[in-house]
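Undergrad: Residue numbers (my numbering): 625 to 1058. All residues carry an ideal CB built from backbone N, CA and C; glycine is no exception. Mind having a look at this structure? Questions to follow.
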């Protein structure tokens, strides 16, 4: 396939790939001995029947997903890709420890898209790469599992959905709650009417994060292809506080805690209330706890207004006393009772019935659903339409916070009416709000 060049580096492509291959070979030597200890579990499924997967971005979540997928007998992890060489060894160990041979490693994600031996890719990169990489993967004929939030800007959602539809691709978004048995049973309970009319949902995350402090810009590490890491984002000097993990606190690359944890809990709230997108959004907050390089707020409250229903969001990153006794979760308030759900289970309060449910598997169930849909071409549990809506709630909350006033949103027109500041943030993905 022919894809647009995401790099700003002047390095010749052939030279770059050649050096990457040499370095990759060096990393592979460190795990070659492990392959001999891999179990023969996958041998029970013929090579022709396995879904062959490439994982792009193998630090933290990407490594976890590679290991979980490697445990599925009908999946082969064919390639791992990252712009940081130091991430290969742990990811290779995760795959081999799960019972598979060490996969190939690449520095340039386009090599995975060009590989006819790969059926699907997992995208676990920073948020600013999700949309473009997903669209390019669909164009290359690959099915996609993309981490949440699916988008970095609202306007990216329709573009991704158009690409998936045009090339007939399965795209699953990493909203694991959609495949969790206890979340499904909680939604069933809400749908049963036993809580009465449910008009309000609250979602939150409350915990103590550490300050990232202040760090100066510096030279990029020799083992990192920073130009490719930046990709579609604005060019900025390398800084450790805008790189691994901390990129999410910088507007150019992430959406703060609202897009990090909020996308999961807000998706559950939207799902339970059976609403689509809000027509009014207001937000207040700021950096109340930390004096550091973070650009996104450590304290934020957002109110989403739907037709006759509301969702309230709150996060505090400098406190440990959660809401409803839970550090993160969603509560649904009806005129006959309240249901509170988190990843540990759910419980009904102030209701004629006393009903509870324990936690269930989320991650492996969600990956299982994705692999099954790759095979049967059915719609996955968290398709792009769901992922786009969940991410849009996060983006709208951040936009309302950044413009400093209520935002009126018309999802049918995908614009903000006459609100020029908010409209600029939607249409011009790189607009800076003063």
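Quick one: what's residue 826 bridged to in DSSP?
TA: 936, 955
Undergrad: Between residue 771 and residue 747, which are expected to be in contact by the criterion C-beta below 8 Å, what is the C-beta distance as a whole number of angstroms?
TA: At roughly 6 Å, the Cβ-Cβ gap stays under 8 Å, so residue 771 and residue 747 are in contact.
Undergrad: Determine the closest residue to residue 816 out of 908, 1013, 961, with distance taken between C-alpha atoms.
TA: 961
Undergrad: Leaving out five residues on either side along the sequence, give the residues of the same chain with a beta carbon under 7 Å from the beta carbon of residue 587.
TA: Residue 587 is absent from the model: the chain starts at 625 and stops at 1058.
Undergrad: So, is residue 780 buried or exposed, given that buried needs 16 or more other C-beta atoms within 10 angstroms?
TA: buried
Undergrad: Contact between the region 754 to 771 and the region 694 to 714 is defined here as three or more beta-carbon pairs at a separation below 8 Å; is this criterion met?
TA: no
Undergrad: What separation, rounded to the nearest whole angstrom, lies between the Cα atoms of residue 707 and residue 685?
TA: Spanning the two alpha carbons is a distance of roughly 15 Å.
Undergrad: DSSP has residue 970 in a bridge; who is on the other side?
TA: 965, 981
Undergrad: For the beta strand (DSSP E) holding residue 866, just list the boundary residues, first then last.
TA: Where residue 866 is concerned, there is no enclosing beta strand (DSSP E), given that its DSSP letter is neither H nor E.
Undergrad: At the level of alpha carbons, what is the spacing between residue 1006 and residue 709?
TA: Rounded to whole angstroms, residue 1006 to residue 709 spans 31 Å at the Cα level.
Undergrad: Should the region 748 to 766 be called in touch with the region 985 to 1001, which here means at least 3 C-beta pairs below 8 Å?
TA: no
Undergrad: Less than 8 Å between the C-beta atoms of residue 830 and residue 946, yes or no?
TA: yes
Undergrad: Opposite residue 783 in the DSSP bridges: which residues?
TA: BP columns for residue 783 are empty, so no partner.
Undergrad: In angstroms, rounded to a whole number, what distance separates the CA positions of residue 900 and residue 847?
TA: 44 Å
Undergrad: According to DSSP, is residue 927 part of a helix, a strand, or is it coil?
TA: Three-state DSSP puts residue 927 in a strand.
Undergrad: Comparing alpha-carbon positions, which option in 712, 675, 676 lies nearest residue 687?
TA: 712
Undergrad: Let me check understanding here. Comparing Cα to Cα, which of 802, 958, 980, 942 lies closest to residue 835?
TA: 942
Undergrad: Give me whichever residues DSSP pairs with residue 818 in a beta bridge.
TA: Answer by DSSP bridge pairing: none, since residue 818 is not bridged.
Undergrad: As a quick exercise: from 1034, 1013, 1015, 1012, pick the residue whose alpha carbon is nearest that of residue 904.
TA: 1034
Undergrad: Of the choices 783, 680, 716, whose alpha-carbon is the least far from that of residue 737?
TA: 680
Undergrad: So, helix, strand or coil for residue 885, using DSSP?
TA: coil
Undergrad: From what residue to what residue does the beta strand (DSSP E) around residue 767 run?
TA: 767 to 770
Undergrad: Could you pull out every residue in the same chain whose Cβ sits closer than 6 Å to the Cβ of residue 875, ignoring the five residues on either side in sequence?
TA: 919
Undergrad: Would DSSP call residue 1068 helix, strand or coil?
TA: The displayed coordinates of the chain run from 625 to 1058. Any statement about residue 1068 would go beyond what the structure contains.
Undergrad: Does the Cβ-Cβ distance between residue 762 and residue 793 come in under 8 Å?
TA: Contact check for residue 762 against residue 793 passes: the beta carbons are separated by less than 8 Å.
Undergrad: Take every Cβ of the region 925 to 932, pair it with every Cβ of the region 843 to 861, and state whether three or more of those distances are shorter than 8 Å.
TA: They do not touch, by the three-pair rule.
Undergrad: Strictly by DSSP, which residues pair up with residue 796?
TA: 769
Undergrad: Does the distance from the C-beta atom of residue 981 to that of residue 809 stay below 8 Å?
TA: Yes, the Cβ-Cβ distance between residue 981 and residue 809 is below 8 Å.
Undergrad: Starting from residue 909 and walking both ways along the beta strand (DSSP E), at which residues does that stretch end?
TA: 904 to 910
Undergrad: When the Cα of residue 866 is compared with those of 978, 882, 844, which residue comes out closest?
TA: 844
Undergrad: Cβ of residue 896 within 8 Å of Cβ of residue 811?
TA: Judged by beta-carbon spacing, residue 811 lies within the 8 Å limit of residue 896, meaning their Cβ atoms are closer than that value.
Undergrad: Between the C-alpha atoms of residue 880 and residue 724, what's the straight-line distance to the nearest angstrom?
TA: 35 Å
Undergrad: In three-state terms, what does DSSP make of residue 729?
TA: strand
Undergrad: Does DSSP classify residue 707 as helix, strand or coil?
TA: coil
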